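Comments concern the structure below.
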Amino acid sequence: MIPVIRWLCEKRLSAIEYEQGIPLAYLRHVLRVSPPHFLKFTKMMPLARFRRALPAEAYHLARIVTALHEDCGTCLPMEVRFAKQAGVSVAILDSILDENPCSLSPDLAVVYFFAEAVATASGEEDTWREAIFRRYGDIGVIELSLAIAVSRMFPTVLHAMGYAAPCVPRNTQVGARDR
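Here my numbering = 1-based position in the sequence shown + 292.
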């Protein structure tokens, strides 16, 4: 990698760390050890924020529910921050973080149950997928599927590389309110 490109990548990582308030040591490690892997991995980043068909509440709800099951360290607070930046209300975030889908609207409860079924491989995915299809169509199923998959990818990479943060206890701040 050309030194100036590496320098630009490092500057961008610093900016993201500052903006999001999260350490990206794992990405710095990848950049240092294998710039080609870093560049390939970063090609996935646009998918991590891609939403066109779903309301922000449904999209971010699925990502947070997935993060609740996949990770409880760095990724969960980051998902909550992204949801708040997208305008998801604190009341909805509270319902998700309290794992209380019954307090959500019926449309959002369906998304919650679908994301939970996928995250836990409960065997109920088909039932909830059909409900998602009826509400949001094929594009909704696709967008939720990709949101869930991407939400699993980052915690998996962090855990596999040994960079996962310790879990945030349920009674600590994760971005929406004190838990």
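Yeah, the Cβ is synthetic: ideal placement off N, Cα and C, and Gly gets one too.
Just so it is clear, the structure is predicted and the values come from calculations on it, not from any experiment.
>> Just to confirm my understanding: we take Q465, look at its own chain, exclude 5 residues before and 5 after, and list those with CB closer than 6 Å. What are they?
In response: As a first step, residue 465 must be located in the sequence shown, where it is residue number 173. Here the model assigns Q465 a pLDDT of 48, short of 50, so the residue's position is not dependable and the matter cannot be decided.
>> When you compare the CB positions of A407 and T358, do they come within less than 7 Å of one another, or not?
In response: As a position in the sequence shown, residue 407 is number 115, starting the count at 1. As a position in the sequence shown, residue 358 is number 66, starting the count at 1. For A407 and T358, yes; Cβs fall inside 7 Å.
> In the region 384-416, which residue ranges form an unbroken alpha helix (DSSP H) of at least 4 residues, counting only runs that do not cross its ends?
Replying inline: The DSSP assignment places complete alpha helix (DSSP H) segments of no fewer than 4 residues inside the region 384-416 at 398-412, in order along the chain.
>> Looking at the secondary structure, which residues open and close the alpha helix (DSSP H) in which K303 lies?
In response: Here residue 303 is taken as the residue at index 11 of the sequence shown, counted from 1. Taken as a continuous stretch (DSSP letters only), the alpha helix (DSSP H) holding K303 covers 295-312.
> By DSSP, does V380 sit in helix, in strand, or in coil?
Replying inline: Residue numbering aside, residue 380 sits at position 88 when the sequence shown is read from its first letter. It is coil, neither helix nor strand.
> Going by the beta-carbon positions, is the gap between A317 and Y455 smaller than 7 Å?
Replying inline: Indexing the sequence shown from 1 puts residue 317 at position 25. Indexing the sequence shown from 1 puts residue 455 at position 163. Yes.
>> Could you check whether the region 323-330 touches the region 409-422, counting it as contact only if at least three pairs of C-beta atoms, one from each stretch, sit closer than 8 Å?
In response: In short, these stretches do not touch, since the Cβ pair count stays below three.
> Going by the CB atoms, is the gap between A452 and T366 shorter than 7 Å?
Replying inline: Against the sequence shown, residue 366 aligns to sequence position 74. Against the sequence shown, residue 452 aligns to sequence position 160. Contact check for T366 against A452 fails: the beta carbons are separated by 7 Å or more.
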